[in-house]
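Colleague: So the sequence shown is numbered by the numbering used here: it starts at 1062 and just counts up by one.
By construction, the Cβ of each residue, glycine as well, lies at the ideal position given by its N, Cα and C atoms.
These figures come from a predicted structure and were not determined experimentally.
Mind having a look at this structure? Questions to follow.
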Amino acid sequence: MTETASFGYRDVDATEKQGMVRAVFSNVASKYDLMNDAMSGGAHRLWKDQFVNRVKPRRDEAILDMAGGTGDIAFRLAKHGAHVTVADINPEMLAVGMERARKKGLEGLVWSEQNAEELGFSDRSFDAYTIAFGIRNVTHIDKALREAHRVLKYGGRFFCLEFSTTTWPGFADVYDVYSHRLVPRLGKLLADDEDSYRYLIESIRRFPPMPEFERMIRAAGFVQTRVEPILGGLVAIHSGWKI
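Printed below as a string of structure tokens:
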């Protein structure tokens, strides 16, 4: 039987999802940060600040920021003196990040085209692994989590920032209407790409709920796992340790 994977609300051949996701992010790369501001009212910046505060990056430690193409998380990590490798499967997203770094005068970041399911790094290479708003686009999330565990040193930490499902009564309904009806229209208006943004919203709905995703993180070998909901779980910070 053919293995399937979710692509928004559709189930597609698992072998095709990676290319389909790559096409989405190739389409939105140049407008990605603008759309993040428009979709979240700028709140994504606060969420990312909170996320990096939880990571507690330290001077001279090695951090892998996966799916970090445009550099938003990496720039924050680097301010603390960490040695950051920015990895992304999409070269267009990496190109946006490298240009942003050039304009900011930031040097020392390593940019690497990588598949989260098959990382080209040696075992126990990093002190921390971060991924923000990227893991829901991976075809085999369990494989990506195992790879995160593999490339971390003993005592290394895993941090994931991802959309989830809010448990606040009433707010969930309001957000559902906003995201399904307005976000694709914003995508059409600001990026001339309604379909890509419809996929991004649908991919959030198909992502595992917080307790299930935490179980997946534990199944990959992490311990002392923790979930920190934001806005009742609209966004969540997941973490775990490799020992």
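What does the Cβ neighbour count give for VAL1235, buried or exposed, with the cut at 16 atoms within 10 Å?
Modeller: So VAL1235 ends up on the exposed side.
Colleague: In the structure shown, what three-state DSSP assignment does ARG1287 receive?
Modeller: If DSSP states are grouped into helix, strand and coil, ARG1287 belongs with the strands.
Colleague: Would you call the stretch 1119-1128 and the stretch 1142-1157 touching, i.e. three or more CB-CB distances under 8 Å?
Modeller: Judged by Cβ distances under 8 Å, the stretch 1119-1128 makes contact with the stretch 1142-1157, as three or more pairs qualify.
Colleague: Is the distance from the Cβ of GLU1115 to the Cβ of SER1300 below 8 Å?
Modeller: Contrary to the premise, residue 1115 reads as Arg rather than Glu in this sequence. Cβ atoms of ARG1115 and SER1300: closer than 8 Å.
Colleague: Indicate whether GLY1248 and ILE1304 have their beta-carbon atoms separated by less than 8 Å.
Modeller: For GLY1248 and ILE1304, no; Cβs fall outside 8 Å.
Colleague: Given that a residue counts as buried once 16 or more other Cβ atoms are within 10 Å of its Cβ, and exposed if not, what is PRO1272?
Modeller: Exposed is the call here.
Colleague: Below 8 Å on the Cβ atoms is my guess for ALA1209 versus TYR1190; work out the distance and round it to an integer in Å.
Modeller: Indeed they touch by this definition, with Cβ atoms about 5 Å apart.
Colleague: Would PRO1212 and LEU1180 be called neighbours here (beta carbons separated by less than 8 Å)?
Modeller: Here residue 1212 turns out to be Val, not Pro, going by the sequence shown. Yes. Within cutoff.
Colleague: Report the partner residues of ASP1190 according to the DSSP bridge assignment.
Modeller: Per the sequence shown, residue 1190 should be read as Tyr rather than Asp. Looking at the DSSP assignment, TYR1190 forms a beta bridge with LEU1125 and PHE1219.
Colleague: Please state the DSSP three-state secondary structure of MET1179.
Modeller: With the sequence shown as reference, residue 1179 is identified as Glu, and Met is not the correct amino acid for it. Looking at GLU1179 - three-state DSSP - the assignment turns out to be strand.
Colleague: From the DSSP output, in three-state form, read off SER1173 for me.
Modeller: Correct three-state label for SER1173: strand.
Colleague: Taking the straight line between their C-alpha atoms, what separation do you get for LYS1140 and LEU1167?
Modeller: C-alpha separation (whole angstroms): 10 Å.
Colleague: State the DSSP-derived secondary structure class of VAL1145, mapped to helix, strand or coil.
Modeller: In this structure, VAL1145 counts as strand in the three-state DSSP scheme.
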